[in-house]
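Reviewing the structure listed below.
Residue numbers (the working numbering), protein chains in the order written: chain A, 1 to 156; chain B, 1 to 193.
This is how it looks when you write it as structure tokens:
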């Protein structure tokens with residue numbers, strides 16, 4: 001005689017967590033795809049100026065950065081609080097920019113050398129004197145495509 | 001019946017992947033860099049002094065920023081909020097004013113005959129002590145003036161915004177409104193240092 005066997009236990013079955021790793025991995029891959037590695041550790045404090053007519057900086061591998069600002073607290077004792085330039089991970093002088101650009105350019109692929117962009121990431125309270133010096137150095141190094149980094153702002 | 005193989009306990013997999021996820025969250029940054037893109041003029045040969053290129057006075061739009069971040073536009077003090085309209089008026093020269101830049105007639109494939117101020121130049125001069133933000137503000141307003149003019153022309157002729165135009169249309173609009181913002185050779189205003 002056929003007996004329909006009923007489940008012995010009633011109630012909620014335990015929630016299966018076996019797909020949890022997959023979900024987390026998906027998140028992980030998402031973040032790996034949309035984010036980029038931090039360029040450098042800042043040694044100068046930079047809060048960029050704001051503007052409205054912004055353009056996105058594309059092709060990050062072709063961009064080299066120059067940071068300008070006051071040294072962070074940890075470096076104040078050693079370097080003072082006057083505005084300094086940072087190239088890669090080090091403090092630098094204006095005279096070193098030309099060399100830096102030339103070095104970076106020779107390290108690039110030949111077809112990319114002409115489209116190299118230099119992005120100036122300067123603090124909004126920087127005096128223009130130092131920026132002008134940087135611009136002159138860049139001109140001498142034939143790095144003519146530049147970008148002034150700025151954040152977004154709605155209007156005045 | 002064969003004995004079942006012990007399954008590997010996979011419950012710690014989630015923890016491991018969480019750890020990886022957090023590691024990537026910390027070491028990477030999501031911010032997209034944005035900014036104003038400019039092109040610098042090529043360097044002068046070292047033995048050559050900056051020469052004054054002969055540009056008619058009516059074709060130059062001079063914006064000076066002093067150390068107090070105040071603007072002097074065409075010899076008049078001006079608020080930064082008014083700069084954009086002033087620049088647009090200058091670039092466009094709608095009424096063909098003899099004090100504003102001269103107009104040239106050119107025939108375009110798509111736009112037809114257009115009169116535009118071909119030789120105008122906007123010159124930005126700043127002091128050593130000018131604040132960077134003030135300089136960026138000025139650059140921003142000038143770029144905004146060009147962008148607005150381009151959008152107005154595109155909307156008028158093609159019924160679309162400048163960004164949505166085809167390559168050829170873009171090129172022609174750009175010829176009518178080229179971005180001519182020159183950055184002057186630095187001068188030492190406050191005497192020799």
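Yeah, the Cβ is synthetic: ideal placement off N, Cα and C, and Gly gets one too.
Going by beta carbon distance, what residues of the same chain come within less than 7 Å of residue 60(B), once the five residues before and after it are set aside?
The residue labelled residue 60(B) in the question sits at position 60 within the second chain. The answer, listed in chain order, is 121, 123.
Taking residue 34(A) as the query, report the chain B residues whose CB atoms sit under 7 Å from its CB, ordered along the chain.
The residue labelled residue 34(A) in the question sits at position 34 within the first chain. In chain order: 30.
Any idea which residues DSSP pairs residue 35(B) with across the strands?
In the second chain, residue 35(B) corresponds to position 35, counting from 1. Answer is 55(A), 149(A).
Taking its Cβ as the centre, do 16 or more other Cβ atoms sit within 10 Å of residue 11(B), making it buried, or is it exposed?
Sequence index remark: in the second chain, residue 11(B) carries index 11 (1-based). Residue 11(B) comes out exposed.
Any idea what DSSP makes of residue 114(B), helix, strand or coil?
Taking the second chain and counting its residues from 1, one reaches residue 114(B) at position 114. If DSSP states are grouped into helix, strand and coil, residue 114(B) belongs with the strands.
Got a sec? Which residues, its chain only, sit under 7 Å from residue 150(A) by beta carbon, not counting five neighbours each side?
For the purposes of this step, residue 150(A) is identified with residue 150 of the first chain, where counting begins at 1. Excluding sequence neighbours, residue 150(A) sits near 48, 49, 50, 51, 54.
May I ask you to list the residues that DSSP assigns as paired with residue 182(B)?
As a working note, residue 182(B) is residue 182 in the second chain. BP columns for residue 182(B) point to 123(B).
What residue does the alpha helix (DSSP H) around residue 34(A) start on, and which one ends it?
Position 34 of the first chain holds residue 34(A). Taken as a continuous stretch (DSSP letters only), the alpha helix (DSSP H) holding residue 34(A) covers 20-34.
Give the C-beta separation of residue 14(B) and residue 21(A) to the nearest angstrom, bearing in mind that I take them to be a contact with Cβ-Cβ under 8 Å.
Locating residue 14(B) in the second chain gives position 14, counting from the first residue. Locating residue 21(A) in the first chain gives position 21, counting from the first residue. That belief holds up - the Cβ atoms of residue 14(B) and residue 21(A) are roughly 5 Å apart, short of 8 Å.
Relative to the alpha-carbon of residue 64(B), which residue among 92(B), 136(B), 20(B) has its alpha-carbon at the smallest distance?
The count along the second chain starts at 1 and reaches residue 64(B) at position 64. With distances taken between CA atoms, residue 64(B) lies nearest to 136(B) out of 92(B), 136(B), 20(B).
Shorter than 8 Å from the beta carbon of residue 34(B) to some beta carbon of chain A?
As a position in the second chain, residue 34(B) is number 34, starting the count at 1. It does; some Cβ of chain A falls within 8 Å.
Using beta-carbon positions only, say whether residue 57(A) and residue 40(B) come within less than 8 Å of one another.
Within the first chain, residue 57(A) is the residue found at index 57, counting from 1. Within the second chain, residue 40(B) is the residue found at index 40, counting from 1. For residue 57(A) and residue 40(B), no; Cβs fall outside 8 Å.
Exposure label - residue 157(A); buried when at least 16 CB within 10 Å:
Within the shown structure, residues of chain A are numbered from 1 to 156, placing residue 157(A) beyond reach of any answer.
If you reduce the DSSP assignment to three classes, tell me which class residue 60(A) lands in.
Taking the first residue of the first chain as 1, we reach residue 60(A) at position 60. Residue 60(A) falls in the helix class under three-state DSSP.
Please report whether the beta-carbon of residue 87(B) lies at a distance below 8 Å from any beta-carbon of chain A.
Residue 87(B) sits at position 87 when you count from the first residue of the second chain. No, residue 87(B) does not count as interfacial toward chain A.
Secondary structure at residue 44(B), three-state DSSP: helix, strand or coil?
Taking the first residue of the second chain as 1, we reach residue 44(B) at position 44. Three-state result, residue 44(B): coil.
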